[in-house]
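Novice: A single structure is presented below for examination.
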Amino acid sequence: MSGADEGWAVVGTLFAGVVVWGGIGWLIDLWLDTTFVKAIGVLVGLATAIYLVVVKYGKAG
Amino acid sequence: MSASIVLASECPPNDPGFCAPSVLEFFPKPLATFDLFGVHFAITRITVILWIATAVMVWFFIAATRNMQLVPGKRQYFAESGYSIIRDGVAREVIGTEGLRFAPYLASLFFFIVINNIMGIIPFAQIPPTGRFAFPVVLATITYVLFNWVGIRQQGVGPYFKNNLFPAGVPKPLYLLVTPIEFASTFVFRPFTLSVRLFANMLAGHLLLAIFAAGTVYLFTVGNFSVIFAPVSFAMSVVMTFFELLVQVLQAYVFVVLTSAYIAGAMEEAH
Numbered sequence: 004m005s006g007a008d009e010g011w012a013v014v015g016t017l018f019a020g021v022v023v024w025g026g027i028g029w030l031i032d033l034w035l036d037t038t039f040v041k042a043i044g045v046l047v048g049l050a051t052a053i054y055l056v057v058v059k060y061g062k063a064g
Numbered sequence: 019m020s021a022s023i024v025l026a027s028e029c030p031p032n033d034p035g036f037c038a039p040s041v042l043e044f045f046p047k048p049l050a051t052f053d054l055f056g057v058h059f060a061i062t063r064i065t066v067i068l069w070i071a072t073a074v075m076v077w078f079f080i081a082a083t084r085n086m087q088l089v090p091g092k093r094q095y096f097a098e099s100g101y102s103i104i105r106d107g108v109a110r111e112v113i114g115t116e117g118l119r120f121a122p123y124l125a126s127l128f129f130f131i132v133i134n135n136i137m138g139i140i141p142f143a144q145i146p147p148t149g150r151f152a153f154p155v156v157l158a159t160i161t162y163v164l165f166n167w168v169g170i171r172q173q174g175v176g177p178y179f180k181n182n183l184f185p186a187g188v189p190k191p192l193y194l195l196v197t198p199i200e201f202a203s204t205f206v207f208r209p210f211t212l213s214v215r216l217f218a219n220m221l222a223g224h225l226l227l228a229i230f231a232a233g234t235v236y237l238f239t240v241g242n243f244s245v246i247f248a249p250v251s252f253a254m255s256v257v258m259t260f261f262e263l264l265v266q267v268l269q270a271y272v273f274v275v276l277t278s279a280y281i282a283g284a285m286e287e288a289h
């Protein structure tokens, strides 16, 4: 059972990464009238979130 | 607002087709309305079901613990083991010995949610009040205020936000990328996902049951060869009722486990 809370936290972090940086990219797209920044934002967010998960929950044991 | 939605999308009268139950199930006609301090209140059958369910739960625990025996009777045994599942299985397991002081809140939360979820399969009630978004939102708000309050009290305002927004072991320039994610996932998405998880499960579960039940009646009464499919629909409604019982208990449990995980995270010092 002890793994479930950590599992939800990992899912939440991945989700937040995509939404936050994808959202910022989307706003930049609106502002500059472009379309590609939101894609970069999603990728940056996902990469950062995976990094964050490794740092916070990746310690063995 | 909801009244016009109800009227706009109800099935047209005299339509011989199948009228599927919809989310309108959760917008019944108000039994009574009143205004209090400028807020408009509407008492519907869902409100009444919530009151009855909660009253039954409160009565049960008061009755079971009023005259406690060293060798428990059936009722006391049931109440004690129910409480102990949350106290030992969740509060102690997830938060630790420190968490025992949250056991009364966690147990109240669990039993309030579980009895209101189970109302979805109790005959004549047959709708879970927790499928109305407002109820999970209130519960998630209490949890949100509680874990932030615990964190601020335990660690102090500065360290609490520093631990949550600037996780240890990340090189300084990366905080530019990491901190917005940490802020969103801890302070924005937590109450949102907590309430949506419970609400959506209850809403979807109720519609699933309602569709198989209504489908059974329709297939029986439509009056052509469709009647051979009616037993299938009926069997599914029975199977789904047991499945819903599982989901209802599980979702109440998940809500409480996540609440204690948030409290545990708030109490943890930086490492």
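Keeping their order, the protein sequence lines are chains A and B. Residues 4 to 64 (my numbering) make up the first sequence, in order. Residues 19 to 289 (my numbering) make up the second sequence, in order. Positions of the beta carbon are idealized from the N, C-alpha and C atoms, including for glycine.
(1) Can you have a look at Y280(B) and say buried or exposed, based on whether 16 or more other CB atoms are within 10 angstroms of its CB?
(2) How many angstroms separate the CA atom of V78(A) from the CA atom of F142(B)?
(3) What is the rounded straight-line gap between the Cα of A50(A) and the Cα of Y101(B)?
(4) Give me the chain B residues within the contact set of A52(A), using Cβ-Cβ distance strictly less than 8 Å, ordered along the chain.
(5) Cβ of V22(A) less than 8 Å from any chain B Cβ?
(6) Leaving out five residues on either side along the sequence, give the residues of the same chain with a beta carbon under 6 Å from the beta carbon of V196(B).
(7) Between the Cα of F238(B) and the Cα atoms of F230(B), I229(B), A248(B), which residue gives the shortest distance?
(8) Measure the alpha-carbon distance for R93(B) versus S99(B) and round it to whole angstroms.
(9) Closest by CA to P122(B), which one among A109(B), N134(B), I199(B)?
(10) Figure out for me which residue from K62(A), G10(A), G26(A), D36(A) has the closest Cα to the Cα of V47(A).
(11) In chain order, what residues of the stretch 10 to 39 of chain A put their CB closer than 8 Å to some CB of chain B?
(12) For Q172(B), which residues from the same chain have a beta carbon less than 7 Å from its beta carbon, with the 5 sequence-adjacent residues on both sides left out?
(13) Check each candidate in T72(B), A71(B), P46(B) and name the one with the smallest Cα separation from A60(B).
Specialist: For this structure:
(1) Counting every other CB atom within 10 Å of its CB across the protein chains shown gives Y280(B) a total of 16 or more, marking it as buried.
(2) Since the displayed chain A opens at 4 and closes at 64, residue 78(A) lies outside it and no answer follows.
(3) Here the alpha carbon of A50(A) sits roughly 42 Å from the alpha carbon of Y101(B).
(4) Contact of A52(A) with chain B by beta-carbon distance below 8 Å involves I199.
(5) Closer than 8 Å to some Cβ of chain B, the Cβ of V22(A) qualifies, so yes.
(6) Contacts found: V188.
(7) Among F230(B), I229(B), A248(B), the Cα nearest to that of F238(B) belongs to A248(B).
(8) Within the model, the alpha-carbon separation for R93(B) versus S99(B) is close to 10 Å.
(9) It is A109(B).
(10) When only C-alpha atoms are compared, the closest one is G26(A).
(11) Against chain B - using a Cβ distance shorter than 8 Å - the residues of the stretch 10 to 39 of chain A are W11, A12, G15, T16, F18, A19, G20, V22, V23, W24, I27.
(12) Apart from sequence neighbours up to five positions away, the residues of its chain that approach Q172(B) with a beta-carbon distance below 7 Å are A284, M285, ordered along the chain.
(13) Comparing alpha carbon positions, the residue from T72(B), A71(B), P46(B) closest to A60(B) is P46(B).
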